[in-house]
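A.B. asks:
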Amino acid sequence: MARLIFEKSQKGRRGCLLPATGVPEIDADSIIDSSLVNEEDLYLPEASELTISRHFINLSQKNHFIEKGFYPLGSCTMKYNPKINERIANFHNFTRLHPYLPINCTQGSLEIMHDLQNYLADITGMDSITLQPAAGSHGELTGMLIVKAYFKNKGEKRTKVIVPDSAHGTNPASARMCGFDIIEVKSNQKGQVDIHTLKEMVNEDIAAIMLTNPNTLGFFEEDILEISDILHNAGALLYYDGANLNAVMGLVRPGDMGFDIVHINTHKTFSTPHGGGGPGAGPVGVKKFLESYLPVPTISFDGEKYCLNYNHLNTIGKVRSFYGNFGILLRAYAYILSMGKQGLKQAAMDAVLNANYLKEKLKTAYHLPYDYQCMHEFVLSGDRQKEQGVNTMAIAKKLMDYDVHPPTVYFPLIVSEALMIEPTETEPKEVLDEFIETMLGIAKEIEENPEQVLSSPQKTPVKKIDEVLAARKPDLCYKPDNT
Amino acid sequence: MMKTIGISSQEELFNQIPEAIKNITLRIPEAHSEFELEKKLIELAKKNIEIGEYISFMGAGYYNRYIPAIIDNVLSRCEFLTAYTPYQPEVSQGTLQAIYEFQTMICSLTAMDVANASMYDGATATAEAALMASRITKRDKVIVSRAVDPETQQVLKTYLSAPEIEIITIGLDDEGITDIQKLEKEINKEIACVIIQMPNFLGNLEEVRKIEQITHNAGALYITNIDPISVGLIKPPGTYNADIVVGEGQSLGCSLSYGGPGFGFMATRQKYLRQMPGRIVGATVDKTGERAFTLTLQTREQHIRREKATSNICTNHSLNALAASIYLSMLGPAGLKELANICFQRAHYLASKISEIPGFKVPYTNFFSNFIITLPDGTTEENFIRMISEYKILPGVTISAYYDEIPNSLLVSVTETNSEVELFLFINAIREISKQLELED
Chain A
11 MARLIFEKSQ KGRRGCLLPA TGVPEIDADS IIDSSLVNEE DLYLPEASEL
61 TISRHFINLS QKNHFIEKGF YPLGSCTMKY NPKINERIAN FHNFTRLHPY
111 LPINCTQGSL EIMHDLQNYL ADITGMDSIT LQPAAGSHGE LTGMLIVKAY
161 FKNKGEKRTK VIVPDSAHGT NPASARMCGF DIIEVKSNQK GQVDIHTLKE
211 MVNEDIAAIM LTNPNTLGFF EEDILEISDI LHNAGALLYY DGANLNAVMG
261 LVRPGDMGFD IVHINTHKTF STPHGGGGPG AGPVGVKKFL ESYLPVPTIS
311 FDGEKYCLNY NHLNTIGKVR SFYGNFGILL RAYAYILSMG KQGLKQAAMD
361 AVLNANYLKE KLKTAYHLPY DYQCMHEFVL SGDRQKEQGV NTMAIAKKLM
411 DYDVHPPTVY FPLIVSEALM IEPTETEPKE VLDEFIETML GIAKEIEENP
461 EQVLSSPQKT PVKKIDEVLA ARKPDLCYKP DNT
Chain B
213 MMKTIGISSQ EELFNQIPEA IKNITLRIPE AHSEFELEKK LIELAKKNIE
263 IGEYISFMGA GYYNRYIPAI IDNVLSRCEF LTAYTPYQPE VSQGTLQAIY
313 EFQTMICSLT AMDVANASMY DGATATAEAA LMASRITKRD KVIVSRAVDP
363 ETQQVLKTYL SAPEIEIITI GLDDEGITDI QKLEKEINKE IACVIIQMPN
413 FLGNLEEVRK IEQITHNAGA LYITNIDPIS VGLIKPPGTY NADIVVGEGQ
463 SLGCSLSYGG PGFGFMATRQ KYLRQMPGRI VGATVDKTGE RAFTLTLQTR
513 EQHIRREKAT SNICTNHSLN ALAASIYLSM LGPAGLKELA NICFQRAHYL
563 ASKISEIPGF KVPYTNFFSN FIITLPDGTT EENFIRMISE YKILPGVTIS
613 AYYDEIPNSL LVSVTETNSE VELFLFINAI REISKQLELE D
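For the protein sequence lines, the chains are A and B, in the order given.
Here our numbering is used: the first residue of the first sequence is 11, the next is one more, and so on.
Here our numbering is used: the first residue of the second sequence is 213, the next is one more, and so on.
1) Counting Cβ pairs, one atom from each stretch, are 3 or more of them under 8 Å apart for the stretch 99 to 107 of chain A and the stretch 312 to 322 of chain B?
2) Along the beta strand (DSSP E) that carries Glu460/B, what are the first and last residues, could you check?
3) Would you list, in sequence order, the uninterrupted alpha helix (DSSP H) runs of no fewer than 4 residues that lie entirely inside the stretch 148 to 216 of chain A?
4) At what residue ranges does the stretch 473 to 502 of chain B contain a whole run of the beta strand (DSSP E), taking only runs of 3 or more?
5) Any beta-carbon of chain B closer than 9 Å to the one on Thr308/A?
6) Excluding the 5 residues preceding and the 5 following Gly228/A in the sequence, name in chain order all residues of the same chain whose CB lies nearer than 7 Å to its CB.
7) Would you say Ala345/B faces chain A, with C-beta separation under 9 Å as the test?
8) Please confirm whether Ile274/A and Thr134/A have their CB atoms less than 9 Å apart.
9) Kindly say whether Phe269/A, judged by its beta-carbon, lies nearer than 9 Å to any beta-carbon of chain B.
10) To the nearest angstrom, how far is it from the Cα of Glu223/B to the Cα of Ile240/B?
11) Let me check understanding here. Comparing Cα to Cα, which of His178/A, Gln142/A and Asp270/A lies closest to Met430/A?
12) Taking CB distances under 9 Å as the criterion, tell me whether Gln462/A reaches chain B.
13) Give the residues from the stretch 388 to 411 of chain A that approach chain B closer than 8 Å (Cβ to any Cβ), ordered along the chain.
14) Would you say Ile139/A reaches chain B, if we count a Cβ-Cβ gap shorter than 9 Å as a contact?
15) Please classify Asn492/A: does DSSP put it in a helix, a strand, or coil?
16) Since His322/A and Tyr303/A should fall inside the 8 Å C-beta cutoff, what is the C-beta to C-beta distance between them, to a whole number of angstroms?
17) Excluding the 5 residues preceding and the 5 following Gly590/B in the sequence, name in chain order all residues of the same chain whose CB lies nearer than 6 Å to its CB.
18) Over the uninterrupted alpha helix (DSSP H) stretch that includes Asn582/B, give me the two end residues.
19) So, with DSSP's three-state summary, where would you put Leu107/A?
20) To which residues of the same chain is Glu265/B closer than 6 Å at the C-beta, ignoring the five residues directly before and after it?
21) Using a 10 Å radius around the Cβ and a threshold of 16 neighbouring Cβ atoms, would you call Glu166/A buried or exposed?
22) How would you label Arg24/A, buried or exposed, when you count the other beta carbons within 10 angstroms and need 16 or more for buried?
23) Just checking, does the stretch 12 to 20 of chain A make contact with the stretch 55 to 72 of chain A on the three C-beta pairs under 8 Å criterion?
24) Should Val286/B go down as buried or exposed, given a rule of 16 or more other Cβ atoms within 10 Å for buried?
25) Classify Ser221/B as helix, strand or coil using the three-state DSSP reduction.
26) With contact counted as at least three CB pairs below 8 Å, one residue from each stretch, are the stretch 464 to 474 of chain B and the stretch 332 to 349 of chain A in contact?
27) Answer with yes or no whether the minimum CB distance from Leu241/A to chain B is below 9 Å.
28) Tell me whether the stretch 249 to 262 of chain A and the stretch 341 to 358 of chain A touch, counting them as touching only if at least three CB pairs, one residue from each stretch, are closer than 8 Å.
29) Buried or exposed, going by whether 16 or more other CB atoms sit within 10 Å of the CB of Ile648/B?
30) Do you know offhand how far Ser220/B's Cα is from Asn227/B's?
31) Going by Cα to Cα distance, which pick from Lys369/A, Gly252/A, Gly287/A and Val400/A is closest to Ala131/A?
32) For the beta strand (DSSP E) that His273/A lies in, which residues bound it at each end?
33) Is it true that the stretch 601 to 620 of chain B meets the stretch 631 to 644 of chain B, where meeting means three or more beta-carbon pairs spaced less than 8 Å apart?
34) Helix, strand or coil for Val303/B per DSSP?
35) Using a Cβ-Cβ cut-off of 8 Å (strictly less than) and excluding sequence neighbours within five positions of Ser281/A, which residues of its own chain qualify?
36) Mind listing the chain B neighbours of Met349/A? Cutoff is C-beta to C-beta under 7 Å, in chain order.
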């Protein structure tokens, strides 16, 4: 059974020694109210370094990760994270840098951030970038706060934000955090924003539309220029969710599509590691007319030195402490330099090639509800298999027995039994062929012996997990039996 | 591959993109080989100060603590580093169990019932806690102490601006802590929560029990932002009836990295669980009855509830939370106590010595490990920092930009990395500067 580090504890054991205070000591209660002095031991593990090391390394063996096997998780862009970026991010002059150091002490880091702002502006077609947001959804929040502040400043009371029915859940959640009401625009038969419906929706109440392009079905919104006109003519703004930027970087820019605000997920497009759920970074770019609303500080260059620029007249304020997840931004910077302008474009083209190849091969056995050329990802439906008694979740669990991480499942919401597949550009054809063989094999097995498929996963560290129990009787914090 | 797809060139895959906006040329540099890249970054790192040559007393919420080697070792493992959010629990038990252990440790440090899987940082955790309090109490005003980290106050203001929640700020009293009388005057039944920091930004210990009574008498929630190391010496907030406890976790095994990534933590009472933002891991069983872990209570979250979610947060700071779990395991209960005591004792020793030096004052003595020094009249912070940099000392953080009522002062932080030798060098340097300035008793 999986044992917790707490259960491996032995009273009195410890992992490290600390130095003596080395100074004459005072009584704690001469300073701290004696009723507040903590005399008790807190409940923490007591173990030697070996026990701790063994514990966490054993835990690590229970994860799927990019180096272990294929990770075609749609909308998450699980590309390879180059090792050189890790080495660079661990340079002492970066890791030990205090955020309150005077800027003459941090010129190297500021130069990196300044140049990264410029690179990201170039790639997205924006005029100005903030590196502050810590993640994609944090970028969305930043962007929607800018939308809110912009209209407030203009004296316009716009209360609604449009999101497509295929949008990421973060889009409506972020807009709602800024006090906007959400209205949903339906997708048309081609899986794209329905222009006619959109036209009818847009009026002076609309503050913005939030779009992912390519969208979560993996299609480029062909009518994007018209969409942009419709919104702009009504005085509204366009927000670009950069989750799928990997498909188009170096080929086309959100700024040229008509977007006013963009966020980028460095942990998707620019190869920074996902870390089991973060930390990421979610830089936000804006067009010139919104520059004064950016969070402070941004990084600027005054001709001699790099500076923290707090001079944004209408700033929404700070969205987090300090300047951003510098340790992560550094990796994105290194990635962009490794790839160069040609490399980024080639990466996008190969990501799209890989996705279309998989799509063509898999659509023979799985229903492809929107059968068009896709960009970096595509969405299959497990409807056919469900009729045979095996739903998409079961297919996902079956894939685990082949050391493949399942695709994103049950998203986007507009496809029933959705399997959203994004291979990324870093996977070679052999891996794609192996995956195709696996998927076709599973489809065949479902036809012949569905019961067998339902017994998966078999080879994983634990078998199928009871998620209902977890939610019904939440056990969120370990309590030893004797307390 | 192209034959399978039915195209003759890769460009054909981009036919859906309108011609008018295609064919762009980027201005970013050409590709660097790995060797060239490393060389360039070594050069850039050199443009920062050689930080290893300096003795630093800079802290103010972000601390220069020793990071045990085991943390670098585990965090660099691609098993943790390159995994995604653990949506598929059967192949994510490593990350999930580590988060469950993290949640348990945060509950210990805060004396709360439940904790989430991490937030971006202490500031955003505080802002999310205020939003949570507003949802629970259905009130739309919050009180925040001016002694809360100024960066946190700024983030709070940003987060609360859009839902139009009013912020009332309570100033400092003569002791450098939240002015209780002003708090009593401002609080009423419209206040959703009172937010304090313990120890506060200036390092001082708040009257946490008095504030608790005042807060709860008005039916407001009590939010405390704590330094997680301080609970080795000072009782955790659960013992003085806090409702939501948040804080910056960077000092638990994360590097400074120019301000990020660290992580935020959040813990609360069982009864408020369903209003908590962020990911939560629960223990359960697999179909054979074996213990297993999974993300749970996801009906609070954006990917299920969309605009009705408790927050928009998706990616958090999972890897940093892992660092904290390892760090706290290495310390254990005895180590955490010792660590807090080292910081406390050395800080008080340093402060008492500095206060003896002509021209230098330590205005508040009720502190944990951060304290204010007031510089001699006529010596600006900038001047002093320049003078002491000759000794390769970074003396602390300038605060007058935030606190005009505490002019000409520095916030000094002491951690276990500041040995008695470093304290001695710092004291000596200040003595010599005092002499240079011809200051007398």
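Every residue, glycine too, gets a C-beta built ideally from N, C-alpha and C.
No experiment lies behind these values; they were computed from the predicted model shown.
C.D. replies: Looking at the coordinates:
1) no
2) Ile456 to Glu460
3) 180 to 187 and 205 to 211
4) With a minimum length of 3 residues, the unbroken runs of beta strand (DSSP E) contained wholly in the stretch 473 to 502 of chain B fall at 476 to 480 and 493 to 497.
5) no
6) Only Ala365, Cys384, Met385, His386, Glu387, Phe388 and Val389 meet the Cβ criterion.
7) no
8) At a Cβ-Cβ threshold of 9 Å, Ile274/A and Thr134/A count as neighbours.
9) no
10) 21 Å
11) His178/A
12) no
13) Ala406, Lys407 and Met410
14) no
15) Because the pLDDT of Asn492/A is 49, which lies under 50, any placement of that residue in the model is unreliable, and the number read from its coordinates should be weighed accordingly. Note: Asn492/A maps to coil in three-state DSSP.
16) 7 Å
17) If we look at Gly590/B and ignore the five residues flanking it on each side, it has no Cβ neighbours.
18) Run containing Asn582/B: none in the alpha helix (DSSP H); it sits in the beta strand (DSSP E), Asn582 to Thr586.
19) Note: Leu107/A maps to coil in three-state DSSP.
20) If we look at Glu265/B and ignore the five residues flanking it on each side, its Cβ neighbours are Lys604.
21) exposed
22) buried
23) In short, these stretches touch, since the Cβ pair count reaches three.
24) buried
25) coil
26) Taking a cut-off of 8 Å for Cβ pairs, the stretch 464 to 474 of chain B and the stretch 332 to 349 of chain A touch, as three or more such pairs fall below it.
27) no
28) yes
29) Strictly speaking, residue 648/B in this sequence is Gln, with Ile absent from that position. Burial check for Gln648/B: the Cβ neighbour count within 10 Å stays below 16, so the residue is exposed.
30) 13 Å
31) Gly252/A
32) Ile271 to Ile274
33) yes
34) helix
35) Lys89, Tyr90, Asn91, Pro92, Asn95, Arg341, Ala342 and Tyr345
36) Ala243
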